[in-house]
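Trainee: Numbers -22 to -1, 1 to 511, taken from mature numbering (1 follows the signal peptide of the UniProt record, and there is no 0), label the letters of the sequence shown in order. Here a beta-carbon is modelled for each residue, glycine too, at the ideal position from N, C-alpha and C. This structure is a prediction, so every number in the text was calculated from the model and none was measured.
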Amino acid sequence: MITFKKSIIFLLLSIWLSLSWATSASSHDDFLECLSHHTINSNSISQVIHTPNNSSYSTILNSFSTNLRLTSKVKPSIIITPLNESDIQAAIYCSKIHDLQIRIRSGGHDYEGLSYISDTPFVIIDLRNLRSISIDTENKTAWIQSGAILGEAYYRVAEKSKKLAVAAGVCPTVGVGGLFSGGGYSMLSRKFGIAIDNIIDAKLIDANGKIHDRESMGEDLFWAIRGGGGTSFGLIVSWKVKLLDIPEKVTIFNVTRTLEQNATQLVYKWQHIADKVDNNLVLRLSLTSRESPVLRGKRTVYVSFTTLYVGGVNELLREMKKSFPELGLVKEDCIELSWIESVLYSWFPVGTSLDALLDRKIKDLAGYVYFKRKSDYVQHPISIDGLEGLWKLMNQQGQSPPDLMFTPYGGKISDFSESETPFPHRAGNIYQIQYGLNWQKREDSPKNIARIRKIYRYMSKYVSKSPRAAYFNYRDLDLGVNNKGNTSYAQAKIWGEKYFKNNFDRLVKVKTKFDPTNFFRNEQSIPPLLSYA
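1) From Thr119 to Ser270, what does the alpha carbon distance come to, in whole angstroms?
2) Quick check for students: name the residue ranges of the alpha helix (DSSP H) that lie wholly in the stretch 94 to 182, counting only runs of 4 or more.
3) In this structure, how does DSSP classify His16 when only helix, strand and coil are distinguished?
4) In its own chain, which residues sit with a C-beta less than 7 Å from the C-beta of Arg453, not counting the 5 before and 5 after it?
5) When we look at the beta-carbon of Ser395 and count the other beta-carbons within 10 Å, is it buried (16 or more) or exposed?
6) Any idea what DSSP makes of Leu259, helix, strand or coil?
7) Write down every uninterrupted run of the beta strand (DSSP E) in the stretch 22 to 69 whose length is 3 residues or greater and which is fully enclosed by it, in chain order.
8) Tell me the DSSP bridge mates of Phe231?
9) Which residue or residues does DSSP assign as beta-bridge partners of Asn416?
10) Label Lys462 either buried or exposed according to how many other C-beta atoms from any shown protein chain fall within 10 Å of its C-beta, with 16 as the threshold for buried.
11) Express the C-alpha separation of Phe401 and Arg446 in angstroms, rounding to a whole number.
12) For a test of the three-state rule: what should DSSP assign to Val219, helix, strand or coil?
13) Look up Glu269 in the DSSP assignment and give the residues it is bridged to.
14) Would you check if there are 3 or more beta carbon pairs closer than 8 Å linking the stretch 102 to 109 to the stretch 191 to 198?
15) Can you tell me which of the three DSSP states Leu343 falls into?
16) Excluding sequence positions up to five away, which residues of its chain have a Cβ less than 6 Å from the Cβ of Gly205?
17) Entirely within the stretch 452 to 498 and at least 4 residues each: give me those alpha helix (DSSP H) ranges in chain order.
18) What are the boundary residues of the alpha helix (DSSP H) that includes Thr242?
19) Within its chain, find whatever has a CB closer than 8 Å to the CB of Lys390; leave out the 5 residues flanking it on each side and keep chain order.
20) Quick one: measure Cβ to Cβ for Ile504 and Lys491, integer angstroms, because I've assumed they're closer than 8 Å.
21) With a CB to CB cut of under 7 Å and the five nearest residues on each side skipped, what residues in its chain are close to Ala344?
22) Quickly, what does DSSP pair Asp381 with across the bridge? List them, please.
23) I think Ile318 touches Leu332, with their Cβ atoms under 8 Å apart; what is that distance to the nearest whole Å?
24) Would DSSP call Leu507 helix, strand or coil?
25) Check the DSSP bridge columns for Thr209 and list the partner residues they point to.
26) Helix, strand or coil: which one does DSSP assign to Arg81?
27) Compare the C-alpha of Asp363 against each of Pro60, Gln243, Gly125 and name the closest.
28) Please list, in chain order, all residues of the same chain as Asp198 whose beta carbon is under 6 Å from its beta carbon, the five residues on each side excluded.
29) So, at 7 Å on beta carbons, what are the nonlocal neighbours of Leu237 in its own chain, with the 5 sequence-adjacent residues on each side left out?
30) Can you tell me which residues form a DSSP beta bridge with Thr236?
31) According to the neighbour-count rule (16 or more other Cβ atoms, all chains shown, within 10 Å of its Cβ), is Pro60 buried or exposed?
32) So what's Val328 in DSSP terms, helix, strand or just coil?
33) Is the beta carbon of Ile66 less than 9 Å from the beta carbon of Ile177?
34) How many angstroms separate the CA atom of Ile27 from the CA atom of Ile58?
35) Let me know the secondary structure DSSP gives Ser264 once reduced to three states.
36) What residue does the alpha helix (DSSP H) around Gly367 start on, and which one ends it?
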C-alpha cells in the first residue's frame, strides 16, 4: 500500500512538472522521485510545488522580486511553498542529494536578490505559507514564523494588547526571517535594542533535515543566527521574541527644513546629540535634493526629522527643549497616538485602516522598479565643510539624486558589546547612513549606480575605517562576493569583516562545525574553513 501510494504521488508530480523540466529530464525526474518518497502530500501538490509550467510559478516568483536591476542567468527549477516543517525537510534532503542549491525567501526585500536569484541550478523555498504568530501576553513572548511580515507581527501583537510591542524593523512589508537574522533596527531600538537583542529562542532545520531549538542547537549556533545571517547556517522556521511594555500613547513628528532654513547647522548639531538624547527618543533624518521653494530654478537639500518618542507630547517637548532647541519644535508639530498607529502613520495615508499592515505587497518604491542601496557608519560628527560638500554633490546629481537616511544609534543598542551578537555596530557609532537611489528604466542602471557610488566615495573620509563598516541587512555586493563553488576564507573576509568586524572569524568556526559541506550558501554566505581553496 505504501509503495502504491508513493507511486501515485510520483505520477502526479511527474504530470504536474513534466513539460517544464523537459530540458533536464534525468536530474529533475530524480528530484521528483526523491520528493515523492518523502512527505509532500499528494493532496497539496498544487499548493507546494510550482514550476515554469504552472501559472502560479511566475506569480510567486515575481511577487516579491521588486528590483529588476537584478537578473539571473538561471531561473529556479522549482519554487516550493512549504505548508509544514516536513515539506522543508524533504526539499532540503532532495536538493542536497541532487546538487541543487536552495535560496530561502521570507519577505523578498533582499537588496541584492540573494533570496531569489542564482547563476547555478537552484530551488527557492518560499516561506509565505509559514507565517503563524502565537502570542503569550502573560509571559510577554511570541513565536513568529519566518514567513510573516513585520506588519502582520505588529498587527497581531496589538490585537492582543495595546500595551505590548515588538522591536523589529521600520518597513511593515519586510519579512521576519531575513530581518531577524541580520539585525533589525526600528523606531523603538534606542529604547529596547534591535530585533536580535530581544530573540530568546528559534527553531532551525539544518542541512541534514534535523529540527533544532535553542537548547539542541547550542549557544554557538544560536549566537550566529542572531545577526550573522541565518541562511548561512540553516533554514529558520520561527523565532521566539520578547514582547515589550509600551505606553498607551507615543508621540511622533515629521518636521522638514531646507538649507535656506538653516538645515546645515541643524544636521551638524543633531550629530552631537542624536545618540545621547533620552533613550525614549529616536530622531531619524531623511535627506533629499529637490527644487528650492525660495530660489526658483535652483536645487536645495530637504532634511526631514522623523521622530518617535515613547511617551506623551509634553515629555517630548521638554526633552527637545533640553537637547535640541534649535529645531524649534512646537506642540502643533506633534501627534499622540498608539504605537501600532504610529507604524501605520509612517507608511500609509491618514485614515488608512490598520488592516493595511497585513498586505504583503511592497509599496515603498513608489513605482520605481530598479534600485541600489549602500550603507555606512559614522563615529565622529561630519564637519560643516563636509556636510556642505555633500549637499553640493547631491544638488549636482540631476532630477533624481540619491537619498540618504541618517539613523541614530546609542541608547540600549550600546548596552551590548560588539561580540555579544554577530551584529558589531554598538557603542561608538553615532549613526548609520543608508544611501538609496530608485529609477524606472534598465538603460539608466549604469549611470545611476555610478551616481550612488560617487557619493559613497565622497563619504569615505567621514565614516568608519579599518574596516569601513556596513549593515548586513542592507546587502551590498559592491563590498565583495564569494567565489563560485567553494570560496576561500580570504575571499569571504573581504566583505565579511565589513558586516561583522571581528565576529567574522567566530561565524566561520560555527559554519565549519554545523555546515561543513557548505550546503547553505550564496554570494555572501559565511564559508566553512574546510571549503577554502
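Mentor: Looking at the coordinates:
1) 48 Å
2) 128 to 138, 154 to 160, 167 to 170
3) coil
4) Asp88, Tyr89, Glu90, Leu92, Gln502
5) exposed
6) strand
7) 56 to 58
8) Thr285, Cys312
9) Phe349
10) exposed
11) 15 Å
12) strand
13) Arg277
14) no
15) Any reading at Leu343 must be qualified, since the residue scores a pLDDT of 47, below 50, and its modelled position is unreliable; the value itself is stated next. If DSSP states are grouped into helix, strand and coil, Leu343 belongs with coil.
16) Gly161, Ile174, Thr399, Pro400, Phe401
17) 467 to 478, 481 to 492
18) 241 to 251
19) Ser167, Arg168, Lys169, Phe170, Gly171, Asp175, Asn257
20) Not a contact, Cβ separation roughly 12 Å.
21) For Ala344, the predicted model reports a pLDDT of 48, less than 50, meaning its position is unreliable and no value from the coordinates is stated.
22) Gly414
23) 6 Å
24) helix
25) None, per the DSSP bridge assignment.
26) strand
27) Gln243
28) Val488
29) Thr278, Val279, Trp369
30) Tyr280
31) buried
32) coil
33) no
34) 5 Å
35) strand
36) 362 to 373
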